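Beneath this line is the structure, given in structure tokens, with notes to follow.
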Amino acid sequence: MTDLTNSPAAGVPRPKHGTLLTQDARTAKRNAAEKRFQMYGMIAIGIGLLMLLVLVFTIVRNGAGAFQQTFITLDVQLLEDKLDKNGNRDIEEISKVSTFGYSPLISQALEDKIASANVQTELSGKQLGDILSKSAAATLRDFVLQNPELIGTSVSFEFLASSRVDGYLKGRVTRDSIANDKNISVEQLDVVDQLVESGSIKKTFNLSFITGADASDQRPESAGIGVAMVGSLFMMLVVLALALPIGVAASIYLEEFAPKNWITDIIEVNISNLAAVPSIVFGILGLAVFINYMHLPMSAPLVGGLVLTLMTLPTIIISTRASLKAVPPSIRDAALGVGASKMQSVFHHVLPLAAPGILTGTIIGLAQALGETAPLLLIGMVGFIASNAPDSVASGLLSPNSAMPAQIYEWAKRADPAFYERAWGGIIILLLFLITMNTVAVILRRRFERRW
Amino acid sequence: MNQMTSVEKNVNTQDIKISASGVQVYYGDTHAIKDVDVEIEDKTVTAFIGPSGCGKSTFLRCLNRMNDTIDVCRVEGTILLDNEDIYDRKVDPVQLRAKVGMVFQKPNPFPKSIYDNVAYGPRIHGLFKNKADLDNIVESALRRAAIWNEVKDRLNAPGTGLSGGQQQRLCIARAVATEPEVLLMDEPCSALDPIATAQVEELIDELRTNYSVVIVTHSMQQAARVSQKTAFFHLGNLVEFGETGQIFTNPEDPRTESYITGRIG
Amino acid sequence: MPVLWLFLIIVALSAFGFIAGRARAYQSAGGDVRNLHSLPGYYGYNVALTALVPALAVLAVWLLAQPMLIENSVSKMIPDEIIAEGSNRSLVMSDVRRVANGLDLAVSSGAMTNDEVNALSTDTSDIRATLGSIGVALGSDVSPEVLAAAQSYRSKSYTGTLVMTVVVLLLAIGGLALAYTRTHKDFRARNVVERGVLGLLIIAASLAILTTIGIVLSMLFETMNFFRLHPWTDFFFGGTWSPNFRGDSDLSILPLLWGTLYISFIALLVAVPIGLFAAIYLSEYASNAVRSIAKPLLEILAGIPTIVYGLFALLTVGPMLVNVFGRGDQGLLGVEWMSGATSVLTAGVVMGIMLIPFVSSLSDDIINSVPQAMRDGSLGLGATKSETVRQVIMPAALPGIVGAILLAASRAIGETMIVVMGAGAIAKFSLNPLESMTTITTRIVSQLTGDTDFASPETLVAFALGLTLFVLTLGLNILALYIVRKYREQYE
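Chains as they are written, first to last, in numbering that gives the first Met the number 0: chain V, 0 to 451; chain C, 0 to 264; chain B, 0 to 491.
Below is the structure:
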């Protein structure tokens with residue numbers, strides 16, 4: 000208390016403060032700074048939200064087109080002397096006719112259509128044929144092979160238009176932009192205009208984009224994301240089957256049984272660091288271990304699933320531990336108090352109570368895995384997969400497949416801008432999956448959230 | 000201590016510094032302060048006592064509008080400081096708080112050096128002309144808070160490194176450095192040990208020569224030791240307000256008596 | 000797929016064991032459950048697990064070890080002479096595997112019988128043509144040594160798999176029998192099962208360690224192979240990156256590291272101010288209603304897959320920047336500074352957008368963990384909110400925020416898709432943000448996609464790059480987590 004005896008406090012003059020009702024100049028300046036500072040915060044939030052808006056807008060504007068496709072309706076004469084010379088409807092013999100045998104039929108149908116629609120044109124049959132997709136003949140052949148009894152009749156058939164025509168109807172291709180385009184000419188667009196007027200060419204919903212397989216560089220109009228979806232589904236099944244049990248088991252051990260020692264510490268540090276390892280490193284691991292060392296096949300959903308499992312495991316472990324930790328000790332004590340073993344208290348009481356939280360974490364981990372691309376590039380899941388839905392589903396975990404994000408990347412790399420529309424469309428589908436999964440997770444959390 | 004404080008209990012008639020009338024405070028739907036009228040004199044220590052949750056801290060925080068920082072809190076009634084309504088639309092809480100300083104329950108030094116802690120107020124309010132001036136302000140504030148001798152050799156050490164009692168006196172120095180006219184103290188000794196408490200109590204008595212001090216305390220002995228006026232709050236009501244000596248020896252209200260004799264609280 | 004069948008058989012055995020074990024326990028107790036030491040289910044689990052776990056463990060180890068062992072022994076059959084100039088042993092071995100797989104296919108498709116395959120010789124038949132006819136294309140004619148090695152490879156694989164099947168089945172049946180005979184009413188089944196389950200839990204927990212070891216080892220071995228083929232001085236100190244698949248490449252990490260750091264720097268330049276101010280606004284100013292809407296909306300940005308950002312960079316932001324900074328007179332500024340859509344700026348800005356919520360939610364947590372008493376103390380002295388934030392909260396939260404920024408930096412350095420699509424492929428040292436540059440992750444992708452030949456330095460360099468990336472990001476993470484943890488302790 001020596002301070003007090005020699006303290007100058009007693010002699011300090013009374014401080015002078017002005018009235019409160021008027022703001023002094025300094026306070027005004029400080030309040031202006033305060034306003035500015037608050038404004039910076041609002042601008043920052045605004046920029047963030049604006050970016051989200053721009054992103055969503057860009058995706059929807061560029062991707063919506065992929066869900067519509069231009070078709071040309073033609074009445075094709077399935078001439079018996081071309082398709083089944085002997086007339087005995089033997090499927091073996093019919094299948095000997097290649098797509099070249101069908102092309103003249105389609106050309107004829109197109110010419111008939113143009114004549115009946117009173118379209119004046121000087122284009123040759125070959126040039127007119129370019130309006131159609133290159134897949135038209137193959138589509139017709141498949142149809143005939145399935146319905147040989149229709150040979151000899153006239154069938155009304157919807158053919159895919161070529162991607163340039165499709166782009167023209169969607170506004171992507173304009174008369175100016177095709178000046179140097181070998182694939183389409185202004186004359187052909189004139190014909191298209193008139194056919195649109197007569198109702199033979201129209202845009203309809205594009206189911207085959209959602210269910211179909213990727214198509215070659217030449218035929219963006221028939222590329223679909225269905226097969227890649229199946230590939231993603233397989234990978235998610237592998238991830239779910241491995242990551243969930245292993246992740247839950249690891250969490251239970253670390254949270255409930257592990258003694259506090261340096262080994263446990265190392266495991267914990269390890270897990271939190273693994274969660275932040277760049278995903279591409281997991282791809283390198285997959286390539287080196289699963290493919291180069293274990294000789295599992297390239298491009299297989301099994302390998303992709305294994306890599307993504309390793310990648311999502313830390314996420315699942317972290318969220319599972321959090322939900323185990325949220326179960327109050329009183330529950331464990333209650334179970335132990337009636338004579339349950341530690342293991343029984345965990346499996347009978349703690350785990351069921353933590354289940355909603357674990358499920359939420361797992362769904363979020365799966366969503367993260369579903370959107371991951373980089374590691375898949377390294378294990379070759381970007382191959383061109385042509386087999387269509389029923390075959391690809393049947394072929395399972397070990398045959399080559401693609402995945403949604405890898406397929407989108409593949410399209411984005413291609414030269415033809417028509418594929419960009421597919422890429423954006425693919426993103427819409429991918430995001431729909433992610434939104435659904437996250438919504439389910441949020442609902443689960445809301446529904447089962449428990450305050451102890 | 001007691002012999003010292005008992006000598007001081009000769010309260011002169013003083014100017015009214017703060018005058019509150021009809022104050023109501025709501026936290027959302029909870030009616031926390033019910034129609035409180037109180038007059039706080041200058042150069043006096045006024046103690047607010049009462050059981051926990053009686054609203055004494057809430058009322059204290061109304062006096063420098065600290066309740067503004069709580070979204071759900073709503074204040075009604077008038078509180079005049081030098082005859083100016085502090086809840087007037089034109090009043091800037093920033094200016095008000097420069098005039099009505101506050102010391103909190105838990106010592107809360109900033110994670111800065113001792114010097115910067117004390118210089119914080121003068122810096123933001125622009126109360127000094129040059130570095131030497133600021134040094135003087137810091138020194139005199141630390142002296143007034145009775146901590147100068149303990150810290151003068153380590154002004155650049157972090158304020159968080161001091162002991163609890165030292166931290167609280169540092170916080171008082173910090174509040175004093177802004178040259179306030181009223182000093183509000185919200186249970187300033189509740190986190191301190193008895194020795195540190197004694198130091199702070201002595202300091203409060205010293206501060207009375209310059210400031211109007213309002214102290215919230217849950218300790219009746221403390222109120223009796225340091226204050227000249229005492230207000231007893233119960234369930235959001237101001238039950239009794241008067242000379243400290245009278246409240247503790249001859250309370251008018253039976254509730255005050257029950258509390259002082261330890262039957263409620 | 001015999002392994003799958005084997006697996007199913009073991010699982011079936013184990014399921015049978017469960018029922019049998021439970022029934023036996025029941026019987027030994029004379030039908031009265033109260034006479035049993037444990038609940039009847041535990042006796043079942045005991046039998047099931049004893050049958051299942053050892054067999055599965057051996058199966059897994061065997062599947063991992065067999066290829067390596069066979070590879071080693073077959074590789075010894077190939078004399079050094081037949082390894083052609085410019086080729087190496089692992090290339091020849093991949094030929095051997097391909098021939099062996101082709102022969103397998105020939106047998107399974109019925110083109111040849113097993114005996115025919117074993118009697119096959121290069122003198123009597125054209126193996127390349129034979130295999131070609133069933134769809135297995137070989138790059139060159141098959142030499143006698145390779146054929147012999149392939150035949151041995153096949154027979155060893157066949158024997159190995161056969162022995163594995165037998166061993167695994169015996170283990171399963173043996174385990175089942177052992178546990179079944181031990182099942183008795185006084186047997187402490189619960190304790191045994193619980194000890195077993197605990198063991199399984201421990202194994203699951205150590206998988207995280209295994210993954211890390213796997214990552215480090217797989218990259219370390221290949222990196223060592225790389226340094227055997229390529230001087231390490233060039234990798235660390237050279238100045239040029241120009242892979243050349245005919246060999247003689249310059250493979251220096253420095254230009255890639257420069258591109259990586261430059262792009263990350265721009266990304267942080269975008270993300271840190273925006274993220275930090277957003278966090279400050281959300282935690283100090285925003286009302287509950289605003290916070291409950293703006294925070295999840297911002298966090299959506301973090302949940303969007305990086306491929307979407309990559310596409311956004313390549314097809315939207317890149318062309319937009321070209322419109323501003325390029326295209327000469329047709330451009331917005333009338334300048335010709337930018338030629339292509341890919342550039343450091345493109346990738347950096349888009350990556351910055353991706354990192355905004357990352358920085359903001361981490362900083363938000365950290366700012367919120369600054370005790371309210373600090374704010375009260377400052378406000379009570381008459382400071383404005385912004386003064387409180389800048390002079391009290393920020394200094395208090397600084398270590399935590401530095402940690403958050405380091406975590407964001409580690410994200411930026413390891414990010415792949417945005418730079419693959421938005422940054423370009425040219426490795427160089429340049430300060431111009433409008434030029435294309437390339438990064439470590441982009442080069443890993445380009446060196447490891449397509450035909451990978453694990454014997455050329457051009458492929459192996461990817462592992463050295465990957466290891467560098469791993470060490471770099473791991474170091475940043477450990478540092479950041481350490482700082483954040485220290486910071487949290489301060490206020491707990």
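Even for Gly, the Cβ is constructed at its ideal location relative to N, Cα and C. Because the structure is a prediction, the values reported are computed rather than measured.
Residue contact check for residue 166 of chain C against chain B: no CB pair falls below 9 Å. Selection B/381, B/394, B/74 evaluated against residue 110 of chain C yields B/394 as nearest (Cα-Cα). Against chain V, a Cβ distance below 9 Å from residue 384 of chain B picks out 33, 36, 37.
Residue contact with chain C for residue 21 of chain B: absent (no Cβ-Cβ distance below 9 Å to any residue of chain C).
Around the beta carbon of residue 181 of chain V, a 10 Å sphere encloses fewer than 16 other beta carbons of the protein chains shown; the residue is thus reported as exposed. Contact holds between the region 362 to 369 of chain B and the region 276 to 295 of chain B, because three or more Cβ pairs, one in each stretch, are under 8 Å apart. Between residue 95 of chain B and chain V, the shortest Cβ-Cβ separation is not below 9 Å. Rounded to whole angstroms, the Cβ separation of residue 467 of chain B and residue 439 of chain B is 7 Å, and the two are in contact under 8 Å. In the pairwise beta carbon analysis, the region 404 to 413 of chain B is classified as not touching the region 365 to 383 of chain B: fewer than three pairs are separated by under 8 Å.
The beta carbons of residue 25 of chain V and residue 125 of chain C sit closer together than 9 Å. The beta carbon of residue 174 of chain V lies closer than 8 Å to those of 185, 188 in the same chain, with the five residues before and after it left out. The continuous stretches of beta strand (DSSP E) do not include residue 234 of chain V, which lies in the alpha helix (DSSP H) extending over residues 225 to 251.
Against chain B, the beta carbon of residue 46 of chain V has neighbours under 7 Å at 273, listed in chain order. Taken through DSSP and simplified to helix, strand or coil, residue 61 of chain C comes out as helix. Bounds of the beta strand (DSSP E) holding residue 184 of chain C are 181 to 185.
No Cβ-Cβ contact shorter than 9 Å links residue 108 of chain V with residue 70 of chain V. Under a criterion of Cβ atoms nearer than 9 Å, the residues of chain V adjacent to residue 83 of chain C are, in order, 18, 19, 20. Uninterrupted alpha helix (DSSP H) stretches at least 4 residues long and entirely within the region 140 to 228 of chain C occur at 147 to 150, 163 to 176, 193 to 206, 219 to 225, given in chain order.
For residue 153 of chain V, the enclosing beta strand (DSSP E) stretches over residues 153 to 159. For chain C, the residues of the region 356 to 379 of chain B that bring a beta carbon within less than 8 Å of one of its beta carbons are 370, 372, 373, 374, 375, 376, 377, 378, 379, in chain order.
Residue 426 of chain V is positioned such that its CB atom lies closer than 9 Å to that of residue 407 of chain V. Using a CB distance below 7 Å, the part of the region 213 to 233 of chain B facing chain V consists of 213, 214, 217, 218, 221, ordered along the chain. Judged by beta-carbon spacing, residue 230 of chain V lies beyond the 9 Å limit of residue 377 of chain V, meaning their Cβ atoms are not closer than that value. Residue pairing from DSSP places residue 26 of chain C in a beta bridge opposite C/29, C/72. Nearest in C-alpha terms to residue 102 of chain V, of all of V/84, V/113, V/77, V/121, is V/77. Partner residues in the beta bridge of residue 236 of chain C, as assigned by DSSP, are C/233. Less than 9 Å divides the Cβ of residue 358 of chain B from the Cβ of residue 273 of chain B. Taking the beta carbon of residue 66 of chain B as reference, the chain V residues within 8 Å of it are 292, 293, 294, listed in sequence order. Identification of chain C residues near residue 400 of chain V by a Cβ-Cβ cut-off of 9 Å yields none; the smallest Cβ-Cβ distance measures about 54 Å. In the DSSP secondary-structure assignment, residue 298 of chain B is not bridged to any residue.
Its chain contains 182 as the residues whose beta carbon lies nearer than 6 Å to that of residue 210 of chain C, once the 5 sequence neighbours on both sides are disregarded; these appear in chain order.
Around residue 193 of chain V, the same chain offers 118 as residues with beta carbons nearer than 6 Å, after the five sequence neighbours per side are excluded. Close partners of residue 70 of chain C in chain B (Cβ separation under 9 Å): 286, 287. Under DSSP, the beta-bridge partners assigned to residue 70 of chain V are V/159, V/201. In terms of Cα proximity to residue 159 of chain V, the closest of V/147, V/116, V/219 is V/219. Contact with chain B is absent for residue 448 of chain V, since none of that chain's Cβ atoms lies less than 9 Å from the residue's Cβ.
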